[in-house]
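Right, one structure below, let's go through it.
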C-alpha cells in the first residue's frame with residue numbers, strides 16, 4: 001500500500017498540573033491518496049488529538065508524522081482543517097472568510113480576479129452562492145459549517161481534516177451535508193480524515209474506519225475496511241446486508257469491546 | 001374603565017361591531033395612561049396604547065427620579081440657607097447660558113469656553129494615551145515575557161492618583177496647561193493598556209488555530225484576527241479611560257487654573273456664587289454622561305456576532 005500520510009509509532013503526552021497525561025501511544029496508520037478515513041471512538045479517546053497531530057497543530061512527543069514524503073513540521077494550508085465549531089471569523093463575510101484562505105495560498109500565482117473567481121466557485125460548490133456576502137452571524141449552523149468546508153476546500157489541500165464537522169447540526173441538515181461531502185470528495189478526490197462519533201456517518205462516508213480504544217493511553221483498536229461501492233446512496237444502503245454488517249461491527253467494537261468509559 | 005376592557009376584549013367575529021368602540025378605546029387610553037393595567041385589550045388601536053404604555057414605562061421612572069431629586073433639594077433649601085433653591089439655580093443657569101461664549105480677559109470667559117477647554121485637554125491627553133496605550137497593550141498581550149517585565153511597574157503605578165503626577169508635569173513642561181493634559185494622559189493610559197492586553201490574551205484559540213492552519217502572516221493576523229477580536233476590549237478600555245479622564249480634569253484644573261470647567265468651579269467658589277457651582281456639577285455630570293453614551297453607541301455599532 002502506498003502511504004500518502006504515514007503515522008509511525010506516534011505517542012502524545014501532555015504536561016498537566018497533575019503530572020504527565022498520556023493521550024496516545026503506539027499509533028501506526030497509513031492513509032492512501034484519495035482515501036476517506038474516519039476516526040471513531042468514545043469521547044476522550046484521543047481521536048481529535050490524532051487529527052490535530054496530522055494537522056500539525058500539536059507535535060507528537062514520540063514517533064514520526066509524514067505527509068507526502070515529508071515530516072509534518074507544523075500546521076499549514078496543505079493540510080486544511082474543518083473545525084468542529086466552524087471557527088469562521090465573525091467580522092468577515094462568508095466570501096471574505098474563504099477569500100482569506102484563497103489569498104494566502106494562491107496570491108503569488110494568481111490575479112485578484114482569479115482569486116475572487118476561485119472563492120466564488122468553491123462557495124457555489126457547497127451551495128452558498130446566494131449567501132456569500134452575509135456575515136456568519138446571519139446564517140444557520142449548517143450554512144456556517146458549509147462555509148468552513150468551503151474554506152478548507154478552497155485551499156486545495158493535500159489532506160482535508162475534519163473534526164466532527166457535522167456534530168453540532170440537526171439530523172436532517174447533517175444528512176444533506178454528508179451527501180454533499182460525498183459528492184465533493186468524489187469530484188475532488190481529496191484525501192480526507194474525519195473524526196466522528198456517529199456510526200452511520202462513519203460507515204456511509206468512509207473507505208476505512210479506524211476504531212480507537214478508550215483513553216488514557218489510547219491507540220488504534222481495529223481498522224475496518226468498508227468495501228461498499230460508490231457512489232453510495234443512503235436510502236438503498238439501509239436495506240444493504242453489507243452495510244448492516246459493517247455497522248454492527250463498529251457498534252460491537254464500541255459497545256462490547258470498548259464499553260463506555262465510566263466517567264464519560 | 002372596567003366596562004371598557006369588557007367590551008374591547010372579544011375580538012374576532014365581533015370586531016366589526018366593536019369598531020365604534022375602538023376609537024373610544026384610544027381616547028380612553030390617552031386619558032388614562034397613568035393606570036395602564038386597566039387599558040389592556042387585544043385589538044388594533046389598543047396595540048398603539050400598548051406601545052404607548054411601554055414607552056411610558058421606560059420614560060416615567062427616570063423622570064420620577066429626577067423630580068424626586070429636585071423635590072428633595074427644594075424641601076431642603078426652601079427655608080433659606082447658603083445652598084440656593086432649584087428655582088434660583090435655574091434662573092442663574094438661564095442667565096449663564098444666554099451668553100455662553102463671551103470673553104472678558106483670560107480669567108473671565110463664558111461657560112461654553114470653559115467646557116470646551118476642558119474637553120480639549122481631555123481629548124489631547126486621552127488621544128496621546130490611546131496612541132501609546134493601545135500599541136503597548138497589543139505588545140504586552142502578545143509577548144508574555146514583556147508582560148511579566150512590565151506588569152509589576154504597571155501594578156505599582158496604576159493605583160497612584162493622577163494628581164500626584166501633576167508636579168512632575170509642571171516641572172517638565174514648565175506650564176500649567178500641558179501639565180493638566182499630562183495628568184489626563186497618565187490616568188487614561190492604564191485602562192487602555194490593561195484592557196487591550198487582556199483582549200489580546202483572550203482571542204479565542206479557535207481563531208488562532210485558523211491563523212495557524214492558513215499560515216497567515218503576522219500582519220494579516222493582526223489586521224484580520226487580533227484587531228477585530230480585541231476591539232470590544234479596547235472600547236471598554238477607552239470608555240473607562242474617558243470616564244476617569246473627565247473625573248480627573250476637574251480636579252487638575254482646580255490646581256492649575258486657566259480656563260476650564262474645574263477652574264471655573266473654583267473661581268465661582270471664590271466669588272461665592274454657589275448656584276454656579278451647582279450648575280457646574282450638573283454640566284460635568286451631563287457631559288460625562290454624553291461621552292459615556294457616545295462610546296456605548298460606538299461599541300454597539302462595532303459589535304459583531306459569531
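Chains as they are written, first to last, in this note's numbering: chain R, 1 to 264; chain E, 1 to 306. Ideal Cβ positions, reconstructed from N, Cα and C, are used throughout, including at glycine.
Query, Result
"Given 8 Å, three or more beta-carbon pairs between the stretch 291-298 of chain E and the stretch 139-146 of chain E", "no"
"Residue 65 of chain E, buried or exposed, once every other Cβ within 10 Å from all chains shown has been counted against 16", "exposed"
"Chain-order list of residues whose beta-carbon lies under 6 Å from that of residue 44 of chain R (same chain, five-residue window excluded)", "215"
"Closer than 7 Å to chain R by CB, residue 307 of chain E", "For chain E, the structure presents residues 1 to 306; residue 307 of chain E sits outside this window and is missing."
"Residue-chain proximity (residue 101 of chain R, chain E), Cβ-Cβ < 7 Å", "yes"
"Collapsed DSSP secondary structure at residue 230 of chain R in the structure displayed", "coil"
"Partner residues on chain R for residue 224 of chain E, Cβ-Cβ distance less than 8 Å", "89, 92, 100"
"Cβ-Cβ distance between residue 196 of chain E and residue 125 of chain E below 7 Å", "no"
"Whole-number beta carbon distance between residue 47 of chain R and residue 195 of chain R, since they are thought to touch under 8 Å", "5 Å"
"Element boundaries [alpha helix (DSSP H), containing residue 144 of chain R]", "141-154"
"Close-in-space but distant-in-sequence residues of the same chain around residue 96 of chain E (CB under 6 Å, 5 per side omitted)", "111"
"With 16 other Cβ atoms within 10 Å as the buried cut-off, status of residue 130 of chain R", "exposed"
"Any C-beta of chain E under 7 Å from that of residue 104 of chain R", "yes"
"Whole-Å CB distance - residue 226 of chain R paired with residue 209 of chain R, under 8 Å assumed", "6 Å"
"Residues that DSSP places opposite residue 15 of chain R in a beta bridge", "R/20"
"Min CB distance residue 216 of chain R to chain E below 7 Å", "no"
"Opening and closing residue of the beta strand (DSSP E) in which residue 123 of chain R lies", "Segment 112-125 is the alpha helix (DSSP H) holding residue 123 of chain R; no beta strand (DSSP E) there."
"Distance, residue 221 of chain E Cα to residue 162 of chain R Cα", "23 Å"
"Spatial neighbours of residue 11 of chain R in its chain, beta-carbon cut-off 8 Å, leaving aside the 5 residues before and after", "22, 24, 25, 26, 27, 60, 61, 62, 63"
"Distance cut-off 6 Å: residue 91 of chain R Cβ against heavy atoms of the ligand HEM", "You won't find the ligand HEM in this model; it holds no ligand whatsoever."
"Residues bridged to residue 65 of chain R (per DSSP)", "R/7"
"Whole runs of the beta strand (DSSP E) within the stretch 33-62 of chain R, excluding any shorter than 3 residues", "36-40"
"Inter-residue CB distance, residue 105 of chain R and residue 54 of chain R (contact presumed, cutoff 8 Å)", "About 18 Å; that fails the 8 Å criterion."
"Where residue 247 of chain R falls: helix, strand or coil (DSSP)", "helix"
"Within chain R, partners of residue 233 of chain E - CB distance below 8 Å", "Within chain R, no residue comes near residue 233 of chain E; the closest Cβ sits about 14 Å away, beyond 8 Å."
"Own chain partners of residue 217 of chain R with C-beta closer than 7 Å, once the 5 adjacent residues on each side are dropped", "22, 25"
"Touch test, the stretch 79-91 of chain R against the stretch 154-168 of chain R, Cβ-Cβ under 8 Å, three pairs minimum", "yes"
"Residue 259 of chain E beta carbon less than 7 Å from that of residue 117 of chain E", "yes"
"Touch test, the stretch 154-173 of chain E against the stretch 87-106 of chain E, Cβ-Cβ under 8 Å, three pairs minimum", "no"
"Span separating the alpha-carbon of residue 63 of chain E from that of residue 282 of chain E", "16 Å"
"Residues near residue 135 of chain R by beta carbon distance below 6 Å, same chain, minus five either side", "93"
"Proximity test, Cβ basis, 7 Å: residue 81 of chain R and chain E", "yes"
"Beta-carbon proximity list for residue 169 of chain R, same chain, < 8 Å, skipping 5 on both sides", "141, 142, 145, 177"
"Candidates R/102, R/124, R/198, R/123, of which the one nearest residue 114 of chain R by Cα", "R/102"
"Interface flag, residue 239 of chain E vs chain R, CB-CB below 7 Å", "no"
"Short Cβ contact (7 Å threshold) for residue 206 of chain R with residue 87 of chain R", "no"
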